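Taking the working numbering, I'd label the letters of the sequence shown as residues 2 to 139. We treat Cβ as the ideally placed atom computed from N, Cα and C, and that holds for glycine. What you are looking at is a predicted structure, and each value in this text was computed from that prediction instead of being measured.
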Amino acid sequence: MGRSLRLKSCADARLAAQLQRGKRQLVHRYMNSQHLGGISFSEYRSDAVGGSSLHIDPTAAGDLTAVNIYVLAEMNRQLRTNLITRSSRGKREMFFKCRGSSSIAFQFAGGIAPARIVASWSEDVTGFKGERSQYLLY
Numbered sequence: 002m003g004r005s006l007r008l009k010s011c012a013d014a015r016l017a018a019q020l021q022r023g024k025r026q027l028v029h030r031y032m033n034s035q036h037l038g039g040i041s042f043s044e045y046r047s048d049a050v051g052g053s054s055l056h057i058d059p060t061a062a063g064d065l066t067a068v069n070i071y072v073l074a075e076m077n078r079q080l081r082t083n084l085i086t087r088s089s090r091g092k093r094e095m096f097f098k099c100r101g102s103s104s105i106a107f108q109f110a111g112g113i114a115p116a117r118i119v120a121s122w123s124e125d126v127t128g129f130k131g132e133r134s135q136y137l138l139y
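Take a look at the structure:
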């Protein structure tokens with residue numbers, strides 16, 4: 002069962018209306034063109050809403066954090082806005098806490114491609130994998 006989207010402002014309602022009216026290319030086509038290992042998308046339509054369904058291959062090593070960056074970048078592109086800077090201060094701060102820094106906002110504002118953003122983490126990811134290996138039980 003899906004969760005309904007609660008709109009917090011008139012601006013949110015306008016963004017949702019833009020997406021619903023079809024003034025955008027389908028996100029699933031763009032996302033599939035990115036060839037994110039183990040992750041695929043398909044079109045979702047019901048009588049009330051349309052969107053994309055996310056499919057994760059449980060046997061593949063997909064990068065869900067990268068998927069989030071690609072989706073956010075595509076939403077920014079289609080809506081011609083920066084969803085991070087449009088968010089309330091509290092939501093931005095929580096996003097930055099989860100991300101570990103606010104650098105992502107500058108990267109999106111600077112028009113940096115999602116592939117380049119994700120690639121910029123590779124050294125940190127490699128270091129983390131090395132540090133965590135001693136704690137893995139499998």
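Review point. Are N83 and A106 touching if we call contact CB-CB under 9 Å?
Key: yes
**Study point:** C-alpha distance - L27 paired with S103, whole-angstrom precision
**Key:** 29 Å
Practice item. For A67, I'd like the list of residues in its chain whose CB is within less than 8 Å of its CB, leaving aside the five on either flank, ordered along the chain. Key: Within the same chain, A67 has close Cβ partners L37, P115 and V119.
Review point. Skipping 5 residues on each side, what residues in its chain have a beta carbon closer than 7 Å to that of A49?
Key: none
Exercise for review: Could you tell me if F42 is buried or exposed, where buried requires 16 or more neighbouring beta carbons within 10 angstroms of its beta carbon?
Suggested key: Buried, because 16 or more other Cβ atoms sit within 10 Å of the Cβ of F42.
**Study point:** Proximity below 9 Å, CB of I85 to CB of R78
**Key:** The answer is no: Cβ separation not under 9 Å.
Point to revise | Option nearest G52 by Cα separation, candidates E44, D58 and P59 | key: With distances taken between Cα atoms, G52 lies closest to E44.
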